[in-house]
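Asks: I'd like to ask you about the structure that follows.
There are 2 protein chains.
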Amino acid sequence: METTTRTVPLRYRERMTDEQLAVYAILDEALVCHVSYVLDGEPRILPTLHARDGDTLLLHGSSGSRLGLLGREAGQEGLSVCVAVTLIDGVVLARSAFNHSVNFRSVVVHGRARLVTDVEREKAALDAFINQLVPHRADHSRPANPQELAKTAVLELSLAEAAAKVRADKTDFDDPEDMGLPHWAGVIPLKTTAGQPKPAPELTDAPVPDHVLTWRPTR
Amino acid sequence: METTTRTVPLRYRERMTDEQLAVYAILDEALVCHVSYVLDGEPRILPTLHARDGDTLLLHGSSGSRLGLLGREAGQEGLSVCVAVTLIDGVVLARSAFNHSVNFRSVVVHGRARLVTDVEREKAALDAFINQLVPHRADHSRPANPQELAKTAVLELSLAEAAAKVRADKTDFDDPEDMGLPHWAGVIPLKTTAGQPKPAPELTDAPVPDHVLTWRPTR
Numbered sequence: 001m002e003t004t005t006r007t008v009p010l011r012y013r014e015r016m017t018d019e020q021l022a023v024y025a026i027l028d029e030a031l032v033c034h035v036s037y038v039l040d041g042e043p044r045i046l047p048t049l050h051a052r053d054g055d056t057l058l059l060h061g062s063s064g065s066r067l068g069l070l071g072r073e074a075g076q077e078g079l080s081v082c083v084a085v086t087l088i089d090g091v092v093l094a095r096s097a098f099n100h101s102v103n104f105r106s107v108v109v110h111g112r113a114r115l116v117t118d119v120e121r122e123k124a125a126l127d128a129f130i131n132q133l134v135p136h137r138a139d140h141s142r143p144a145n146p147q148e149l150a151k152t153a154v155l156e157l158s159l160a161e162a163a164a165k166v167r168a169d170k171t172d173f174d175d176p177e178d179m180g181l182p183h184w185a186g187v188i189p190l191k192t193t194a195g196q197p198k199p200a201p202e203l204t205d206a207p208v209p210d211h212v213l214t215w216r217p218t219r
Numbered sequence: 220m221e222t223t224t225r226t227v228p229l230r231y232r233e234r235m236t237d238e239q240l241a242v243y244a245i246l247d248e249a250l251v252c253h254v255s256y257v258l259d260g261e262p263r264i265l266p267t268l269h270a271r272d273g274d275t276l277l278l279h280g281s282s283g284s285r286l287g288l289l290g291r292e293a294g295q296e297g298l299s300v301c302v303a304v305t306l307i308d309g310v311v312l313a314r315s316a317f318n319h320s321v322n323f324r325s326v327v328v329h330g331r332a333r334l335v336t337d338v339e340r341e342k343a344a345l346d347a348f349i350n351q352l353v354p355h356r357a358d359h360s361r362p363a364n365p366q367e368l369a370k371t372a373v374l375e376l377s378l379a380e381a382a383a384k385v386r387a388d389k390t391d392f393d394d395p396e397d398m399g400l401p402h403w404a405g406v407i408p409l410k411t412t413a414g415q416p417k418p419a420p421e422l423t424d425a426p427v428p429d430h431v432l433t434w435r436p437t438r
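Taken in sequence, the protein lines are chains A and B.
For the first sequence, the numbering used here gives the first residue as 1, with consecutive numbering after it.
For the second sequence, the numbering used here gives the first residue as 220, with consecutive numbering after it.
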């Protein structure tokens, strides 16, 4: 796994565990997460935006959404959630159907998500969400106004109960007794790639700024 | 949204709703899904493989996994699950931080997942999982043997309660009062691309078969 300046702290790096570094790198690379919670005893799942602030995970919601409302109701006790982020790096083909798989990097976080009520912290979270989508983007857009902040619900939860799971390239694809079978085995590597930026109709003649041109989904 | 031969039935197409077609197309394109369930009142999430058989969603698990065990315990009543599949098609940049977003296509399914106990149907499901990863792959690999089938838990649930949600390209990125701001607005399109297939070490001189060479993650 690649570590980047976004995932590796400049100080105290030696105090971080490999597990923490893996969790941070995967969360920092992913564009969306899936949040699950329980409503009337039934599981619910919501894809949404996230960002990381140190050892805290920030989740983006709307004030009027189910997640926003439940987060508000839960108060300081917090809403029990489970959050997953999954990056797919390849399709693994084996001689046996059973040993087919995908190469992936995933993080699952369990914890209690609390609504961010402090306005300054909510503003910082919104900056973090758009910088997660496009690095430095918060410097190139109008910050949220009070009406927009009121419409937004930011939930935060600790990464204390986060675990990373990684399946990377291996060289043994099959069980020994299958090695003689006449089937191809190997990996089809996958990555997310960015196409040519498509400007808003009224900006077709405007220059595309550097932070857009240089953006790469896999960092 | 593009429909393909995999998503459009040859017969009775006129009986399908646009919603069904959208749900099918998204499920058929995605390589992984996220399954949530409730354990001791707490939400859990598991990324896993899926496939579709008509209006039934098949979920891949291990017999010894929590999901496999809960599925077995639940019997014919089934385990209450929520399944989400999310495809990200682009990053949406607006002049205002608030109007940033992602273009996506997602499906959320609610239902009761039942363990597939019939051996022939379990075999067919395993073929469907690897054909979901790589079309036609089941014809090019050794089918699962009884030991492998015993290690696998396939859960199935109806797509009766499935909903698709799509955010596609729009031309209005910002509120009218923000149109004069000096920030770039537009979309960075994203797609998943396949790299050069990497054969198993002992197959570096073997030809790469057509079903691997022609594989494309976005169909």
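Glycine residues also receive a C-beta, built at the ideal position from the N, C-alpha and C atoms.
Roughly how many angstroms separate the alpha carbons of residue 217 of chain A and residue 294 of chain B, rounded to a whole number?
Replies: By one-based count along the first sequence, residue 217 of chain A stands at place 217. By one-based count along the second sequence, residue 294 of chain B stands at place 75. Spanning the alpha carbons of residue 217 of chain A and residue 294 of chain B requires a straight line of approximately 43 angstroms.
Asks: If you measure beta-carbon to beta-carbon, which residues of the region 412 to 436 of chain B are closer than 8 angstroms to chain A?
Replies: Per Cβ criterion, the list reads 412, 413, 414, 415, 416, 417, 418, 419, 420, 421, 422, 425, 427, 428, 431, 434 and 436.
Asks: How would you write the range of the alpha helix (DSSP H) that residue 370 of chain B sits in, first residue to last?
Replies: Along the second sequence, one-based indexing puts residue 370 of chain B at 151. Run containing residue 370 of chain B: 365 to 370, per the alpha helix (DSSP H) assignment.
Asks: Quick one: Cα of residue 162 of chain A to Cα of residue 110 of chain A, how far?
Replies: Here residue 162 of chain A is taken as the residue at index 162 of the first sequence, counted from 1. Here residue 110 of chain A is taken as the residue at index 110 of the first sequence, counted from 1. If I take the Cα positions, the gap works out to 6 angstroms.
Asks: In angstroms with no decimal places, state the Cα-to-Cα distance between residue 221 of chain B and residue 240 of chain B.
Replies: In the second sequence, residue 221 of chain B corresponds to position 2, counting from 1. In the second sequence, residue 240 of chain B corresponds to position 21, counting from 1. The pLDDT assigned to residue 221 of chain B is 41, lower than 50, so where the model puts this residue is not dependable, and the model offers no usable value.
Asks: For residue 175 of chain A and residue 203 of chain A, I'd like the C-alpha separation in whole angstroms.
Replies: Locating residue 175 of chain A in the first sequence gives position 175, where the first residue counts as 1. Locating residue 203 of chain A in the first sequence gives position 203, where the first residue counts as 1. Going by the C-alpha atoms only, they are around 57 angstroms apart.
Asks: Look up residue 308 of chain B in the DSSP assignment and say whether it is helix, strand or coil.
Replies: As a position in the second sequence, residue 308 of chain B is number 89, starting the count at 1. Residue 308 of chain B falls in the strand class under three-state DSSP.
Asks: Are the CB atoms of residue 129 of chain A and residue 230 of chain A within a distance shorter than 8 angstroms?
Replies: As shown, chain A starts at 1 and ends at 219. That puts residue 230 of chain A outside it, with no answer to give.
Asks: What do you reckon, are the CB atoms on residue 267 of chain B and residue 377 of chain B nearer than 8 angstroms?
Replies: Your numbering for residue 267 of chain B matches position 48 in the second sequence. Your numbering for residue 377 of chain B matches position 158 in the second sequence. In this structure, residue 377 of chain B does not lie closer than 8 angstroms to residue 267 of chain B by Cβ.
Asks: Quick one: does residue 242 of chain B have its CB under 8 angstroms from some CB of chain A?
Replies: Residue numbering aside, residue 242 of chain B sits at position 23 when the second sequence is read from its first letter. With 8 angstroms as the cut-off, residue 242 of chain B does not count as an interface residue toward chain A.
Asks: Can you round the beta-carbon distance between residue 404 of chain B and residue 144 of chain A to whole angstroms, since I take them to be within the 8 angstroms contact cut?
Replies: Sequence index remark: in the second sequence, residue 404 of chain B carries index 185 (1-based). Sequence index remark: in the first sequence, residue 144 of chain A carries index 144 (1-based). Incorrect: roughly 16 angstroms between the Cβ atoms, too far for contact.
Asks: If you draw a straight line from the alpha carbon of residue 434 of chain B to that of residue 71 of chain A, how long is it in whole angstroms?
Replies: Mapped onto the second sequence, residue 434 of chain B falls at position 215. Mapped onto the first sequence, residue 71 of chain A falls at position 71. Each residue's Cα considered, the two are about 43 angstroms apart.
Asks: Express the C-alpha separation of residue 424 of chain B and residue 402 of chain B in angstroms, rounding to a whole number.
Replies: In the second sequence, residue 402 of chain B corresponds to position 183, counting from 1. In the second sequence, residue 424 of chain B corresponds to position 205, counting from 1. If I take the Cα positions, the gap works out to 52 angstroms.
Asks: Considering only the alpha carbon of each residue, which of A:116, A:170 and A:26 lies closest to residue 62 of chain A?
Replies: Residue 62 of chain A sits at position 62 when you count from the first residue of the first sequence. Comparing Cα positions, the closest option is A:116.
Asks: Whose C-alpha, out of A:94, A:19, A:18 and A:134, is nearest the C-alpha of residue 213 of chain A?
Replies: As a first step, residue 213 of chain A must be located in the first sequence, where it is residue number 213. It is A:134 whose Cα lies nearest to the Cα of residue 213 of chain A.
Asks: Which residue or residues does DSSP assign as beta-bridge partners of residue 262 of chain B?
Replies: Locating residue 262 of chain B in the second sequence gives position 43, counting from the first residue. According to DSSP, which records beta bridges pairwise, residue 262 of chain B is partnered with B:257.
Asks: What are the boundary residues of the alpha helix (DSSP H) that includes residue 348 of chain B?
Replies: Here residue 348 of chain B corresponds to residue number 129 of the second sequence, with the count starting at 1. Its alpha helix (DSSP H) spans residues 338 to 352.
Asks: Is the distance from the Cβ of residue 390 of chain B to the Cβ of residue 201 of chain A below 8 angstroms?
Replies: As a first step, residue 390 of chain B is located in the second sequence; it is residue number 171 there, counting from the start. As a first step, residue 201 of chain A is located in the first sequence; it is residue number 201 there, counting from the start. Contact check for residue 390 of chain B against residue 201 of chain A passes: the beta carbons are separated by less than 8 angstroms.
Asks: Tell me residue 53 of chain A's beta-bridge partners as DSSP assigns them.
Replies: In the first sequence, counting from the first residue as 1, residue 53 of chain A sits at position 53. DSSP lists A:56 as partners of residue 53 of chain A.
Asks: Measuring only the C-alpha atoms, how far is residue 17 of chain A from residue 165 of chain A?
Replies: As a working mapping, residue 17 of chain A is identified with position 17 in the first sequence. As a working mapping, residue 165 of chain A is identified with position 165 in the first sequence. When the Cα atoms are used, residue 17 of chain A and residue 165 of chain A turn out to be separated by approximately 14 angstroms.
Asks: Quick check: what's the CA-CA separation for residue 247 of chain B versus residue 272 of chain B?
Replies: Here the question's residue 247 of chain B lines up with position 28 in the second sequence. Here the question's residue 272 of chain B lines up with position 53 in the second sequence. The alpha-carbon atoms of residue 247 of chain B and residue 272 of chain B are separated by roughly 10 angstroms.
Asks: So with Cβ pairs under 8 angstroms, would you call residue 224 of chain B a contact of chain A?
Replies: For this step, residue 224 of chain B is matched to residue 5 along the second sequence. Unreliable positioning characterises residue 224 of chain B in this predicted model, as indicated by a pLDDT of 44, which lies under 50. The coordinate reading is nonetheless provided below. It does not: the Cβ of residue 224 of chain B has no partner Cβ on chain A nearer than 8 angstroms.
Asks: Please list the partners that residue 409 of chain B has in chain A, where partner means a Cβ-to-Cβ separation under 9 angstroms.
Replies: In the second sequence, residue 409 of chain B corresponds to position 190, counting from 1. Ordered by position in chain A, the residues that pass the 9 angstroms Cβ test against residue 409 of chain B are 31, 192, 193, 194, 195 and 217.
Asks: Count the other CB atoms within 10 Å of the CB of residue 207 of chain A; is the residue buried (16 or more) or exposed (fewer)?
Replies: Taking the first residue of the first sequence as position 1, residue 207 of chain A is located at position 207. By the 10 Å Cβ count, residue 207 of chain A comes out exposed.
Asks: For chain B, find out if any of its Cβ atoms is closer than 8 angstroms to the Cβ of residue 113 of chain A; answer yes or no.
Replies: Position 113 of the first sequence holds residue 113 of chain A. No, no contact with chain B.
Asks: Just the Cα atoms here: how many angstroms apart are residue 197 of chain B and residue 333 of chain B?
Replies: Here chain B comprises residues numbered 220 to 438, so residue 197 of chain B is not present and cannot be evaluated.
Asks: Buried or exposed for residue 119 of chain A, please, with buried defined as at least 16 other CB atoms from any protein chain shown within 10 angstroms of its CB.
Replies: Position 119 of the first sequence, counting from 1, holds the residue named residue 119 of chain A. Burial call: exposed.
Asks: Return the Cβ separation of residue 253 of chain B and residue 34 of chain A in integer angstroms, given the expectation that the two are a contact with Cβ distance under 8 angstroms.
Replies: By 1-based counting over the second sequence, the position of residue 253 of chain B is 34. By 1-based counting over the first sequence, the position of residue 34 of chain A is 34. Right, the Cβ-Cβ distance comes to about 4 angstroms (below 8 angstroms), so this counts as a contact.
Asks: I need the DSSP call for residue 206 of chain A, collapsed to helix, strand or coil.
Replies: Stepping through the first sequence from its first residue, residue 206 of chain A is reached at position 206. Residue 206 of chain A falls in the coil class under three-state DSSP.
Asks: Could you spell out the range, first to last residue, of the beta strand (DSSP E) harbouring residue 190 of chain A?
Replies: Here the question's residue 190 of chain A lines up with position 190 in the first sequence. Element bounds for residue 190 of chain A: 186 to 194.
Asks: What residues from chain A crowd round residue 282 of chain B, counting only those whose CB sits closer than 7 angstroms?
Replies: Locating residue 282 of chain B in the second sequence gives position 63, where the first residue counts as 1. The contacting residues do not exist; residue 282 of chain B stays about 13 angstroms from chain A at best.
Asks: Helix, strand or coil for residue 432 of chain B, going by three-state DSSP, please let me know.
Replies: If you number the second sequence from 1, residue 432 of chain B lands on position 213. Reduced to three states, the DSSP call for residue 432 of chain B is helix.
Asks: What number of angstroms, rounded off, separates the C-alpha of residue 255 of chain B from the C-alpha of residue 400 of chain B?
Replies: Locating residue 255 of chain B in the second sequence gives position 36, counting from the first residue. Locating residue 400 of chain B in the second sequence gives position 181, counting from the first residue. Whole-angstrom Cα-Cα distance: 42 angstroms.
Asks: Would residue 406 of chain B and residue 198 of chain A qualify as a contact pair, given that the criterion is a beta-carbon distance under 8 angstroms?
Replies: Working through the second sequence from its first residue, we reach residue 406 of chain B at position 187. Working through the first sequence from its first residue, we reach residue 198 of chain A at position 198. Cβ distance < 8 angstroms, so residue 406 of chain B and residue 198 of chain A count as in contact.
Asks: Kindly say whether residue 2 of chain A, judged by its beta-carbon, lies nearer than 8 angstroms to any beta-carbon of chain B.
Replies: Within the first sequence, numbered from 1, the residue matching residue 2 of chain A stands at position 2. Confidence in residue 2 of chain A is poor, its pLDDT being 41 and thus under 50, which makes the residue's placement too unreliable to answer from.
Asks: Which of helix, strand or coil does DSSP assign to residue 19 of chain A?
Replies: The residue labelled residue 19 of chain A in the question sits at position 19 within the first sequence. If DSSP states are grouped into helix, strand and coil, residue 19 of chain A belongs with the helices.
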